[in-house]
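Residue numbers (my numbering): 207 to 422.
Positions of the beta carbon are idealized from the N, C-alpha and C atoms, including for glycine.
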Amino acid sequence: MLPRLNNRGSSRPASNAVFVNCPFDPEYKPIFDAVVFAVHRCGFLVRCAMEDSDSNVVRIEKIMQMIGESDLGIHDLSRVDTQGSLPRFNMPFELGLFIGAQRYGSKRQRRKRCLILSGEPHQYQRVISDIAGQDVDSHLGKPEEAVRAVRQFLVQHAPRGARLPGRDRILEDYGHFQRLLPGLLEVAGQDRESLTFLEFRGYVRDVVARQALIIG
């Protein structure tokens with residue numbers, strides 16, 4: 207059962223958490239890293255299965271908890287299996303959990319909204335046609351297009367009065383972050399290859415906070 211969260215009498219999301227359901231392989235990493243940065247640069251918080259390394263927690267329970275705690279979701283169905291030309295099943299499965307929570311959950315859960323990403327326009331129709339009518343966009347395998355799609359989605363669900371940075375500004379700040387990161391890792395005695403998701407997210411949040419102070 208998905209956890210019930212407190213309702214709030216506001217039109218803004220009760221949680222700024224965004225559940226990101228996507229591939230976690232090296233080939234997809236440039237897009238994933240850009241999406242993580244874009245979400246935080248827009249004032250939200252990324253949640254994903256990679257943040258919990260507790261092997262005592264059943265993976266599906268962990269995912270269901272994160273979905274229950276996230277008002278927004280980003281689900282990427284672009285990855286295909288080279289043998290069967292089908293998406294990896296965990297991604298459409300987690301999308302189904304998210305939509306199920308939205309449809310059959312409590313009043314709080316029914317506020318959920320999600321963005322479905324594909325690698326190319328209408329790719330999703332070949333693998334899961336029943337999602338027609340959902341908010342679907344394509345990133346063409348390019349991080350900058352993923353940033354555009356994510357920003358466009360989040361601006362629709364930001365708190366009233368919030369002014370989100372434009373795509374070009376996000377990309378400019380992301381480039382700055384990429385240049386800063388090696389130095390930050392060197393100071394901490396870390397290397398990029400062994401960095402966990404939580405550590406990476408921490409660096410993103412720190413740099414975004416500094417950028418916000420400079421801009422503000």
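{"Check": "Helix, strand or coil at Asn227 [DSSP, three-state]", "Outcome": "strand"}
{"Check": "Contacting residues, own chain, Cβ-Cβ under 8 Å from Phe406 (five flanking each side not counted)", "Outcome": "Asp239 and Val242"}
{"Check": "Collapsed DSSP secondary structure at Ser324 in the structure displayed", "Outcome": "strand"}
{"Check": "Proximal residues to Leu404 (C-beta, below 6 Å), its chain only, five neighbours per side dropped", "Outcome": "Glu257"}
{"Check": "Neighbour-count burial assignment, Pro236, 16 or more Cβ in a 10 Å radius", "Outcome": "exposed"}
{"Check": "For Gly279: DSSP bridge partner residues", "Outcome": "Phe225 and Cys320"}
{"Check": "Whether Ala423 touches Gly274 by CB criterion (9 Å)", "Outcome": "Residue 423 falls outside the range modelled here, since the chain spans only 207 to 422, and no answer is possible."}
{"Check": "First and last residue of the uninterrupted alpha helix (DSSP H) at Arg375", "Outcome": "Arg373 to Ala394"}
{"Check": "Beta carbon of Lys318 nearer than 9 Å to that of Phe299", "Outcome": "no"}
{"Check": "Where Arg369 falls: helix, strand or coil (DSSP)", "Outcome": "coil"}
{"Check": "Under 9 Å between C-beta atoms of Arg253 and Phe225", "Outcome": "yes"}
{"Check": "First through last residue of the alpha helix (DSSP H) which encompasses Leu401", "Outcome": "Premise fails: Leu401 is in no alpha helix (DSSP H) and is neither H nor E."}
{"Check": "Counted within 10 angstroms of its Cβ, other Cβ atoms place Gly311 as buried (16 or more) or exposed", "Outcome": "buried"}
{"Check": "Simplified DSSP state of Leu346, which is helix, strand or coil", "Outcome": "coil"}
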